[in-house]
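Below: the structure, in structure tokens.
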Amino acid sequence: MTIELQYEVTRKEFIDFYLSHYKKTPLYVGWYITIDLIAIFYFLIFVVTTYNNYTRIGLFVLFLIFTSTPFVVSRIYKNNILKLYSLKIFDNCFLHTSLKINEDGIELITNLCKVFFKWNTLTNLYFINNNIYITTYMREFIFIGSNSIKEDIRKNFLDMVIKNTDLKISSKVPDIIFS
Numbered sequence: 073m074t075i076e077l078q079y080e081v082t083r084k085e086f087i088d089f090y091l092s093h094y095k096k097t098p099l100y101v102g103w104y105i106t107i108d109l110i111a112i113f114y115f116l117i118f119v120v121t122t123y124n125n126y127t128r129i130g131l132f133v134l135f136l137i138f139t140s141t142p143f144v145v146s147r148i149y150k151n152n153i154l155k156l157y158s159l160k161i162f163d164n165c166f167l168h169t170s171l172k173i174n175e176d177g178i179e180l181i182t183n184l185c186k187v188f189f190k191w192n193t194l195t196n197l198y199f200i201n202n203n204i205y206i207t208t209y210m211r212e213f214i215f216i217g218s219n220s221i222k223e224d225i226r227k228n229f230l231d232m233v234i235k236n237t238d239l240k241i242s243s244k245v246p247d248i249i250f251s
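251 is the number that this note's numbering gives the last residue of the sequence shown; the numbers go up by one with no jumps.
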């Protein structure tokens with residue numbers, strides 16, 4: 073069975089999708105837990121070592137710094153996502169795309185290039201708010217937005233990918249690694 077579909081994902085659509093879900097990524101949750109643990113540690117030191125006013129003020133300032141750090145990390149994370157996906161190397165992801173699925177894999181054809189992914193190179197399959205996000209071993213991705221294809225085509229696409237790869241659908245948001 074072969075499935076062919078045409079779609080286009082805008083850069084804004086992808087970035088909006090990711091920014092609306094980034095607080096659920098394992099990387100962000102890890103940062104947030106680490107910062108909270110450090111803040112609790114400093115608060116405990118603050119409670120135990122209340123010998124003089126200078127110590128109290130100093131530890132209170134450190135506590136305030138660590139409790140405000142998640143907001144700073146959040147802003148840095150958002151800026152990194154915006155910078156990363158505004159690079160020219162991602163132009164291929166945000167063009168009119170022709171996608172063909174056959175027994176061997178998935179073929180993506182855009183104005184810039186033609187890429188073929190064999191089934192064994194697909195690593196993860198994410199389905200979040202009717203958006204499809206597939207990652208590969210080469211740290212590339214296939215993103216199909218919720219408005220890009222119809223519901224019945226989306227279901228057939230997911231069924232075919234699951235059948236050929238034995239991947240399970242995950243509803244977690246994948247990490248973006250800034251390297």
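Even glycine gets a Cβ: it sits at the ideal position worked out from N, Cα and C. Keep in mind the model is a prediction, meaning the values are calculated, not measured.
Identity of the residue in the options nearest residue i by Cα
| i | options | result |
| --- | --- | --- |
| Leu91 | Leu180, Tyr157, Asp176 | Tyr157 |
| Thr237 | Ser220, Asp176, Ile216, Asp224 | Asp176 |
| Phe86 | Tyr205, Phe135, Phe229 | Tyr205 |
| Thr74 | Asn228, Ile234, Lys155 | Asn228 |
| Phe162 | Asp224, Arg211, Leu136 | Arg211 |
| Val145 | Lys190, Lys235, Gln78, Val101 | Val101 |
| Lys277 | Asn164, Leu159, Asn203 | Because the chain here runs from 73 to 251, residue 277 falls outside it and cannot be looked at. |
| Asn151 | Glu223, Asn192, Tyr94 | Tyr94 |
Beta carbon of residue i nearer than 8 Å to that of residue j
| i | j | result |
| --- | --- | --- |
| Asn183 | Leu194 | no |
| Leu131 | Tyr114 | yes |
| Glu80 | Lys172 | no |
| Ser242 | Leu197 | yes |
| Thr97 | Val233 | no |
| Leu99 | Asp247 | yes |
| Leu239 | Phe199 | no |
| Asn201 | Ser218 | yes |
| Val110 | Phe138 | Correcting the residue identity first, residue 110 is Ile in this sequence and not Val. Cβ distance < 8 Å, so Ile110 and Phe138 count as in contact. |
| Ile178 | Ile225 | no |
| Phe189 | Thr208 | yes |
| Gln78 | Ser140 | no |
| Ser107 | Pro142 | Just to set this straight, residue 107 is Ile in the shown sequence, not Ser. In this structure, Pro142 lies closer than 8 Å to Ile107 by Cβ. |
Residues bridged to residue i (per DSSP)
| i | result |
| --- | --- |
| Tyr205 | Tyr198, Phe215 |
| Val187 | Leu180 |
| Leu171 | Leu77, Leu180 |
| Ile110 | Answer by DSSP bridge pairing: none, since Ile110 is not bridged. |
| Ile105 | Ile105 pairs with nothing; no bridge assigned. |
| Ser220 | DSSP, once it has assigned bridges, lists no residue as partnering Ser220. |
| Ser242 | Tyr198 |
Terminal residues of the beta strand (DSSP E) in which residue i lies
| i | result |
| --- | --- |
| Leu134 | Leu134 -> not in any beta strand (DSSP E); alpha helix (DSSP H) instead, spanning 125-157. |
First and last residue of the uninterrupted alpha helix (DSSP H) at residue i
| i | result |
| --- | --- |
| Glu76 | Where Glu76 is concerned, there is no enclosing alpha helix (DSSP H), although the beta strand (DSSP E) it sits in stretches over 75-80. |
| Ser92 | 83-93 |
Minimum Cβ-Cβ distance from residue i to chain D less than 8 Å
| i | result |
| --- | --- |
| Gly130 | Looking for chain D here will not work: only one protein chain is present. |
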